[in-house]
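Notes follow the structure.
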Amino acid sequence: PSSHYARMPAVRDAAISPDGKWMAAVVDNNGSYVVRVFNLGDPKDTKVRASGIGKKIKVDYITWANNDQFLVSITQYQKDKAMIYATGQLVVVSKDMKEMRPVLRPKAKQGGATRFNKKVSYRQFNNEVVDFLPDEPNHILMAFGEEDQYAPGVHRVSLKNTSTKKIKNGARNIETWMT
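Residues in the sequence shown are numbered consecutively from 161, following my numbering.
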């Protein structure tokens, strides 16, 4: 029937942990998506590890940072008067799903003016990963501007305590960093 062609995919994205024992996935749950973690190393483990995703939130991707934590990049669309804009956030999640927290917590007025107005506001994009650093499983490199969100520098970010260390200053003429 045509309803099968119009329905949402059962699995939107999935990633397997580096040791191959866990899988994190964005799966359909009666018309809305949830993030679920499956224990591939123990077929007898039937524990449900899941968290719902808000209707206005889109999951960009899931990837494992190490064998104990995975990252979920999300985009949320917001409306300010007549303007609709996107904001991005990177969330670190423990494999048992008991801990979920943003990787970056921008301070008020950190990020400068937005392209929509000249008022100082929160940084719009907090999910731009430059490198996942596979040889350093507790750190990633991220691009963001501290004073000006349109001059993103490169920062080494700890997934344990979300501390950051600036590696390279940004400039307005830099659009993307690569490693």
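Backbone N, C-alpha and C define an ideal beta-carbon position, used for all residues, glycine too.
Residue of I234, Q238, I334, R261 minimising C-alpha distance to A311: I334
Suppose contacts are defined by Cβ-Cβ distances below 8 Å. Is M338 in contact with V317 by that definition? no
Please confirm whether L293 and Q229 have their CB atoms less than 8 Å apart. no
For M299, collect the residues of the same chain with a Cβ closer than 8 Å to its Cβ; drop the 5 residues on either side in sequence, then sort them by chain order. Met is not the amino acid found at residue 299; the sequence shown has His there. Closer than 8 Å at the Cβ level, and outside the excluded window around H299, lie L293, R316, V317, S318, L319.
Answer with buried or exposed for K313, where buried requires no fewer than 16 other C-beta atoms within 10 angstroms of its C-beta. In the sequence as presented, Lys is not what sits at residue 313; that position holds Gly. G313 should be labelled buried.
So which of G180, V194, N189, F198 has the shortest CA-CA distance to D256? F198
Can Q236 and T223 be called in contact, C-beta distance under 8 Å? no
In angstroms with no decimal places, state the Cα-to-Cα distance between D295 and V289. 15 Å
Please state the DSSP three-state secondary structure of V208. coil
Within a Cβ cutoff of 6 Å, which residues of the same chain sit near N226, ignoring the five residues on either side of it in sequence? P297
Can you tell me whether M338 is helix, strand or coil according to DSSP? coil
Taking only three categories from DSSP, how would you classify I244? strand
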